[in-house]
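Numbering (the numbering used here), first residue to last: 39 to 293. For each residue, glycine too, the CB sits at the ideal point set by N, CA and C. Remember, predicted model here, so these are calculated numbers, not experimental data. So the structure is just underneath, and the comments pick up after that.
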Amino acid sequence: MSALDCYQLVNLYADWLKERVKLKTIGDVCELTTPFIDRHNDYLQIYVKATPSGMLLTDDGYTIRDLEMSGLEFNTDRRRNEIKSVLNGLGVTLHGDSLEVEARPENFAQKKHNLLQAMLAINDLFVLAPQKVASFFKEDVEKYLSLYDIRFTKDINFIGKSGFNHHFDFVIPPSKKEPERVLRTINNPTKNNVSAMIFSWDDARKVRSENAIAIAVLNDQDREITPDTIHALKAYEIEPMAWSKRDKYIERLVA
């Protein structure tokens, strides 16, 4: 695939996003309904309100309250730190139950993108049966990398060619045997989450070393990874790594 083809794909994706966003005014607040869906197949919504310094973008507490209504509690340091780690990487803050980010007209698109990434990432972190909430998938992956003394940097942000900021969970530096390896964990490999990974890497790879590779670490402990998911990732040169088969990848990760 040529650079021009990739550029056209990014433009098509941006056009699709623009066409699918629905606007509604509620008093002095603008409600944006996005094409991204949550685990209930409901469209994610964000709210925009004018402030003296610009704008405030918020999910109005939906993400956290929805998880709490599902029986998930955020009463341990580990869970709070996990949320904080995701939000800090995207420049999003937690105010009460609400995910919030301040914006100005010139950076509105980037801030909206960051807030949506945060909503998706936190929802994905905690989409576990209540009895399994204690074990977060990202943490399991980090422990696995550490177990084999794999060198990595955690929670890295790349600015893509589009100017958008993209968050990845781990980066393994290049060695004599292997190029740079960029990992994102996907606890719940839905079409939505996989598409977000594809867009992030397709945009970010243009500013990385030419031979850098992306690896999607897929949680298949309680669900089967569909052939469509594997095909979509490979089509964009992203290596799918099923968690149940992680030992097959160890040599490549250690190198």
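Proximity test, Cβ basis, 8 Å: residue i and chain C
i: residue 248; result: The structure shown contains no chain C; it is built from a single protein chain.
Enclosing beta strand (DSSP E) for residue i [first to last residue]
i: residue 94; result: 92-96
i: residue 220; result: 219-224
i: residue 141; result: 136-141
i: residue 110; result: Taken as a continuous stretch (DSSP letters only), residue 110 belongs to no beta strand (DSSP E), as it is neither H nor E.
i: residue 277; result: 276-280
i: residue 131; result: 131-133
For residue i, three-class secondary structure by DSSP
i: residue 78; result: coil
i: residue 270; result: helix
i: residue 253; result: strand
i: residue 105; result: helix
i: residue 67; result: strand
i: residue 59; result: coil
i: residue 73; result: strand
i: residue 88; result: strand
Contacting residues, own chain, Cβ-Cβ under 7 Å from residue i (five flanking each side not counted)
i: residue 268; result: 278
i: residue 70; result: 59, 61, 83, 84, 86
i: residue 258; result: 280, 281, 282
i: residue 150; result: 84, 95
Host alpha helix (DSSP H) of residue i (start-end)
i: residue 128; result: 115-128
i: residue 263; result: First-last for residue 263: undefined, no H or E at that position.
i: residue 234; result: 229-242
i: residue 248; result: First-last for residue 248: undefined, no H or E at that position.
i: residue 290; result: 288-292
Contacts around residue i, its chain only, beta-carbon distance under 6 Å, and the 5 residues preceding and following it disregarded
i: residue 188; result: 291, 292
i: residue 173; result: Confidence is the limiting factor: at residue 173 the pLDDT is only 47, short of 50, which leaves the residue's position unreliable and the question unanswerable from this model.
i: residue 131; result: 138
i: residue 239; result: 252, 276
i: residue 365; result: Beyond the ends of the chain as shown, which are 39 and 293, falls residue 365; an answer cannot be given.
Other residues of its chain near residue i: CB distance less than 8 Å, five sequence neighbours each side excluded
i: residue 176; result: 120, 163, 207, 223, 225
i: residue 65; result: none
i: residue 169; result: Below a pLDDT of 50, predicted positions are generally treated as unreliable, and residue 169, at 41, falls in that range; no measurement from the model is reported.
i: residue 263; result: 227, 256, 278, 280
Unbroken stretches of the alpha helix (DSSP H), 4 residues or longer, contained in the region 148-217 | 175-185
Answer yes if the region 89-102 comes into contact with the region 123-143, meaning at least three C-beta pairs across the two stretches below 8 Å, and no otherwise.
-> yes
Between the region 243-250 and the region 280-289, do at least 3 Cβ pairs fall closer than 8 Å?
-> no
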